[in-house]
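Okay, structure first, notes after.
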Amino acid sequence: MLAYVVRRVIATVPVMAVVAFFVFSLLYIAPGDPAAVIAGDQATPADVERIRQSLGLDRPFLVRFGEWVWQILHGDLGTSIFTNLPVTTMMAQRFEPTLSLMLVTLVFAVAVAVPIGVLAAWKAGTWIDRVIMAFAIFGFSVPVFVIAYLLAFVFALELEWLPVQGYTPLAGGIWPWFQNLILPAVALGCVYMALTARITRAAMLEVLQQDYIRTARAKGIGQRGILFVHALKNASVPIVTVIGIGVALLIGGAVVTESVFAIPGLGRLTVDAILRRDYPLIQGLVLLFSFVYVLVNLLVDLSYTLLDPRIRY
Amino acid sequence: MTSVPPGIAVAPELPELLPAVNLGRGAVGFLRRHPAVAVGGTLLLFMLLIAVFAPYLGTVDPTALAPARRTRPPSAEHWFGTDMLGRDLYSRVIYGARVSLLVGFSVAAFSSVIGLAIGLVAGFVRWADAVLMRVMDGLMSIPPILLAVALMALTRGSVGNVILAITIAEIPRVSRLVRSVVLSLREQPYVDAAVAAGTRTPMIMLRHILPNTLAPMTVQATYICASAMIIEAILSFIGAGTPPITPSWGNIMAEGRALWQVKPFIVFFPAVFLSITVLSVNLLGDGWRDALDPRMAKGL
Chain A
0 MLAYVVRRVI
10 ATVPVMAVVA
20 FFVFSLLYIA
30 PGDPAAVIAG
40 DQATPADVER
50 IRQSLGLDRP
60 FLVRFGEWVW
70 QILHGDLGTS
80 IFTNLPVTTM
90 MAQRFEPTLS
100 LMLVTLVFAV
110 AVAVPIGVLA
120 AWKAGTWIDR
130 VIMAFAIFGF
140 SVPVFVIAYL
150 LAFVFALELE
160 WLPVQGYTPL
170 AGGIWPWFQN
180 LILPAVALGC
190 VYMALTARIT
200 RAAMLEVLQQ
210 DYIRTARAKG
220 IGQRGILFVH
230 ALKNASVPIV
240 TVIGIGVALL
250 IGGAVVTESV
260 FAIPGLGRLT
270 VDAILRRDYP
280 LIQGLVLLFS
290 FVYVLVNLLV
300 DLSYTLLDPR
310 IRY
Chain B
0 MTSVPPGIAV
10 APELPELLPA
20 VNLGRGAVGF
30 LRRHPAVAVG
40 GTLLLFMLLI
50 AVFAPYLGTV
60 DPTALAPARR
70 TRPPSAEHWF
80 GTDMLGRDLY
90 SRVIYGARVS
100 LLVGFSVAAF
110 SSVIGLAIGL
120 VAGFVRWADA
130 VLMRVMDGLM
140 SIPPILLAVA
150 LMALTRGSVG
160 NVILAITIAE
170 IPRVSRLVRS
180 VVLSLREQPY
190 VDAAVAAGTR
200 TPMIMLRHIL
210 PNTLAPMTVQ
220 ATYICASAMI
230 IEAILSFIGA
240 GTPPITPSWG
250 NIMAEGRALW
260 QVKPFIVFFP
270 AVFLSITVLS
280 VNLLGDGWRD
290 ALDPRMAKGL
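For the record, the sequence lines run as chains A and B. Going by numbering that gives the first Met the number 0, the first sequence wraps up at 312, each residue one higher than the last. Going by numbering that gives the first Met the number 0, the second sequence wraps up at 299, each residue one higher than the last.
Written out as structure tokens, the structure is:
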């Protein structure tokens with residue numbers, strides 16, 4: 000088991016290396032010459048050349064890549080072109096809202112999606128199943144910002160039940176914090192819920208055909224016991240897998256959701272960075288999000304052995 | 000029983016064990032058995048017609064400014080109202096269909112062709128497989144929207160660049176799918192037979208492998224088309240997509256954003272059109288998948 004964990008962790012290194020290489024190339028081929036920017040308008044070509052040499056920009060691509068990776072491993076992601084602050088500082092300031100939004104969304108979406116997926120599989124072929132699957136197709140098809148505006152319009156503007164936009168830090172109290180996150184989390188969670196519910200239904204249908212389910216039924220175990228103990232446990236591997244893969248949807252969706260609901264998080268920071276062409280910040284954000292995504296899927300992989308003792312490595 | 004020679008029994012008439020399955024034939028029968036394809040296809044065809052005949056649908060120039068008539072609500076003159084610059088929203092939304100469909104179809108086509116090539120090579124050439132799949136794994140671990148956004152930061156906003164950025168973000172998924180299909184097809188007896196008969200590898204790929212990857216590819220392509228249309232709208236919405244002068248649904252919503260609390264109709268109409276279009280493509284994809292693989296129909 001330990002050997003597997005170690006091997007699996009090592010296997011993420013080449014993946015992150017490819018990500019890092021891609022992200023570094025992004026800055027390398029980005030338009031604009033940093034040396035010329037620093038030198039200013041009055042500089043002669045000789046000045047620019049001197050600055051380029053002092054910054055090490057004249058050295059080969061791979062040397063610079065190696066140095067850049069070395070810096071990242073020491074926690075230095077560079078300095079924002081726009082604010083002159085370290086990228087790590089800027090990201091740390093925006094971390095809490097995004098983490099809150101994602102966790103609330105994740106918990107809410109999984110708590111809804113798995114039971115309705117189970118319900119759809121149990122009632123497969125009936126109108127309940129059709130309604131749930133129709134909802135899932137809608138969840139896939141309606142873009143996150145459309146749902147966001149719709150929810151904000153109904154529940155914030157018309158009914159005035161919840162705040163229209165904004166974010167309250169957790170330090171300001173749990174209810175104010177949660178209140179501001181309800182609409183964004185529901186909007187962001189729709190696609191994720193649709194995906195998870197569909198996979199849950201499919202995995203459950205597969206498992207419910209197995210012989211041991213018939214045995215359990217013959218033993219006289221009730222429907223609830225069969226669904227949630229015997230079937231769901233055995234269907235959990237694909238479900239957990241899709242929950243991990245779906246985090247990519249949450250990350251992409253957070254960029255939009257935070258813009259609609261004016262949440263000062265990493266997604267909003269990404270939009271600002273793109274619009275200002277702040278390449279070091281873009282690099283840092285892409286690296287961070289990809290790292291989180293890889294980490295989540297690593298944890299998912301490692302959870303298989305806990306979920307299904309038959310899986311041995 | 001008439002004259003039956005002694006010692007010989009007549010078999011009783013066989014009961015109708017397998018009643019003839021009444022399968023509709025032709026296109027109409029196919030659509031009747033797969034209503035999702037029918038509904039999705041009709042909606043998509045409708046959107047396509049709108050996009051193609053945009054200039055003849057009572058539209059005016061979607062970029063014509065009329066500062067005197069800003070943010071008018073929907074009326075007989077301006078069916079969907081006007082935006083902040085007085086442009087006719089109905090015309091902009093109708094013309095917006097062109098951008099969405101162009102991006103959706105182009106990305107689906109390009110990423111399918113490139114992904115197919117990469118997947119075929121990876122499935123057949125051992126040493127290339129390791130390299131290609133590590134690169135694809137790396138690209139796949141960058142969330143697609145983020146990857147497209149980052150690529151857009153490198154270039155000026157144009158429809159071509161949006162198509163390119165989303166295509167790059169979608170390629171890894173296609174090549175993974177193709178590779179997995181190729182790997183399982185390689186083990187098929189008929190491929191062994193072709194090898195034994197001395198068929199060259201390129202011919203095996205072309206004749207025996209490629210046709211069998213097309214079915215799952217077409218399903219994947221519809222999902223990519225849907226996802227590309229959503230990503231295009233998101234890119235335009237956050238200001239990193241098609242240039243603001245081009246009427247695209249994401250752009251119209253981006254412009255309506257500042258006013259959405261007082262003038263929600265500016266965001267509403269493009270949102271409805273976008274959702275219906277994506278829904279139609281997804282329905283088509285779902286129905287098509289069930290039609291190709293009836294075993295899957297019960298599943299996913």
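Beta carbons: idealized from backbone N, C-alpha and C, even for Gly.
If the criterion is Cβ atoms closer than 7 angstroms, does the pair residue i and residue j meet it?
| i | j | result |
| --- | --- | --- |
| Gly252 (chain A) | Arg93 (chain A) | no |
| Ala261 (chain A) | Gly165 (chain A) | yes |
| Ala119 (chain A) | Ile131 (chain A) | yes |
| Leu150 (chain A) | Leu182 (chain A) | yes |
| Thr304 (chain A) | Val241 (chain A) | no |
| Val86 (chain A) | Gly74 (chain A) | no |
| Leu100 (chain B) | Ala50 (chain B) | yes |
| Ala232 (chain B) | Gly255 (chain B) | no |
| Val246 (chain A) | Val299 (chain A) | no |
| Ala127 (chain B) | Met46 (chain B) | no |
| Pro237 (chain A) | Ala202 (chain A) | yes |
| Gly118 (chain B) | Arg178 (chain B) | yes |
| Thr11 (chain A) | Leu297 (chain A) | yes |
| Phe107 (chain A) | Ala184 (chain A) | yes |
| Leu187 (chain A) | Ser235 (chain A) | no |
| Phe154 (chain A) | Leu161 (chain A) | yes |
| Met216 (chain B) | Val277 (chain B) | no |
| Ala149 (chain B) | Leu25 (chain A) | yes |
| Gly156 (chain B) | Pro269 (chain B) | no |
| Ala225 (chain B) | Val280 (chain B) | yes |
| Val254 (chain A) | Asn233 (chain A) | no |
| Ile170 (chain B) | Ile113 (chain B) | yes |
| Ser329 (chain B) | Val14 (chain A) | Residue 329 (chain B) is absent from the model: chain B starts at 0 and stops at 299. |
Applying a beta-carbon distance threshold of less than 8 angstroms, which residues of chain A neighbour residue i?
| i | result |
| --- | --- |
| Gln260 (chain B) | Leu156, Val163 |
| Asn331 (chain B) | The structure shown does not extend to residue 331 (chain B), since chain B is modelled only from 0 through 299, so no value can be given for it. |
| Asp285 (chain B) | Ile136 |
Chain B partners of residue i, CB-CB under 8 angstroms?
| i | result |
| --- | --- |
| Gly171 (chain A) | Going along chain B, no residue has its Cβ under 8 angstroms from Gly171 (chain A), so there is no contact; the nearest lies around 24 angstroms. |
| Thr269 (chain A) | Leu145, Val148 |
| Ser289 (chain A) | Ser140, Ile141, Pro142, Leu145 |
| Arg276 (chain A) | Ala152 |
| Ile28 (chain A) | Leu153 |
| Tyr292 (chain A) | Ser140, Ile141, Pro142 |
Can you name the residues of chain B whose CB is closer than 9 angstroms to the CB of residue i?
| i | result |
| --- | --- |
| Phe260 (chain A) | Simply none; closest approach about 12 angstroms. |
| Gly13 (chain A) | The sequence given here places Pro at residue 13 (chain A); Gly does not occur at that position. Chain B residues near Pro13 (chain A): Arg133, Asp136, Gly137. |
| Ala247 (chain A) | Met139, Ser140, Ile141, Pro142, Pro143, Ile144, Leu145 |
| Ile273 (chain A) | Val148, Ala149, Met151, Ala152, Ile237, Gly238, Ala239 |
| Phe227 (chain A) | Within 9 angstroms Cβ-Cβ: nothing; Phe227 (chain A) doesn't reach chain B, min ~20 angstroms. |
| Leu118 (chain A) | Within 9 angstroms Cβ-Cβ: nothing; Leu118 (chain A) doesn't reach chain B, min ~16 angstroms. |
For residue i and residue j, which I take to be in contact (beta-carbon distance under 8 angstroms), what is that distance rounded to the nearest angstrom?
| i | j | result |
| --- | --- | --- |
| Ser111 (chain B) | Val173 (chain B) | 6 angstroms |
| Tyr89 (chain B) | Thr62 (chain B) | Actually they are not in contact, since the Cβ atoms of Tyr89 (chain B) and Thr62 (chain B) sit about 14 angstroms apart, beyond 8 angstroms. |
| Phe123 (chain B) | Val190 (chain B) | So it is not a contact: roughly 11 angstroms between Cβ atoms. |
| Phe21 (chain A) | Gly25 (chain B) | With a Cβ gap of about 49 angstroms, Phe21 (chain A) and Gly25 (chain B) do not count as contacting. |
| Thr256 (chain A) | Ala147 (chain A) | 6 angstroms |
| Ile165 (chain B) | Val98 (chain B) | Not confirmed; about 12 angstroms, so no contact. |
| Pro279 (chain A) | Ile50 (chain A) | Wrong, their Cβ atoms sit about 17 angstroms apart, outside the cutoff. |
| Leu282 (chain B) | Val134 (chain B) | No, Leu282 (chain B) and Val134 (chain B) are not in contact; Cβ-Cβ is about 34 angstroms, not under 8 angstroms. |
| Ala108 (chain B) | Pro143 (chain B) | The Cβ separation is near 17 angstroms, so there is no contact. |
| Met252 (chain B) | Phe264 (chain B) | That pair is no contact at about 12 angstroms. |
| Gly283 (chain A) | Thr97 (chain A) | Rounded, the Cβ-Cβ distance is 14 angstroms, inconsistent with contact. |
| Val68 (chain A) | Ala19 (chain A) | 6 angstroms |
Can you name the residues that DSSP bridges to residue i?
| i | result |
| --- | --- |
| Thr81 (chain B) | B:Asp87 |
| Thr78 (chain A) | A:Pro85 |
Measure from the alpha carbon of residue i to the alpha carbon of each residue in the options, then state which is nearest.
| i | options | result |
| --- | --- | --- |
| Val218 (chain B) | B:Ala121, B:Asp285, B:Ala149 | B:Asp285 |
| Ala112 (chain A) | A:Val141, A:Arg51, A:Gln70, A:Tyr191 | A:Tyr191 |
| Leu102 (chain A) | A:His229, A:Ile28, A:Trp67, A:Phe177 | A:Phe177 |
| Val271 (chain B) | A:Val14, A:Thr269, A:Val8, A:Pro142 | A:Pro142 |
| Val102 (chain B) | B:Ala214, B:Arg199, B:Gly159 | B:Gly159 |
| Ile93 (chain B) | B:Thr245, B:Trp259, B:Lys262 | B:Thr245 |
| Gly124 (chain A) | A:Leu169, A:Leu204, A:Tyr27, A:Gly172 | A:Leu204 |
| Ser289 (chain A) | B:Pro54, B:Leu146, B:Leu291 | B:Leu146 |
| Ser99 (chain A) | A:Leu249, A:Pro308, A:Arg276, A:Val270 | A:Leu249 |
Applying a beta-carbon distance threshold of less than 9 angstroms, which residues of chain D neighbour residue i?
| i | result |
| --- | --- |
| Ile233 (chain B) | Here chain D cannot be found, since the structure's protein chains are A and B. |
Residue i versus chain B: which residues are under 7 angstroms apart at the beta carbon?
| i | result |
| --- | --- |
| Ile281 (chain A) | Ala149, Ala152 |
Check the Cβ of residue i against every Cβ in chain A and list those closer than 7 angstroms, keeping chain order.
| i | result |
| --- | --- |
| Ile229 (chain B) | Pro142 |
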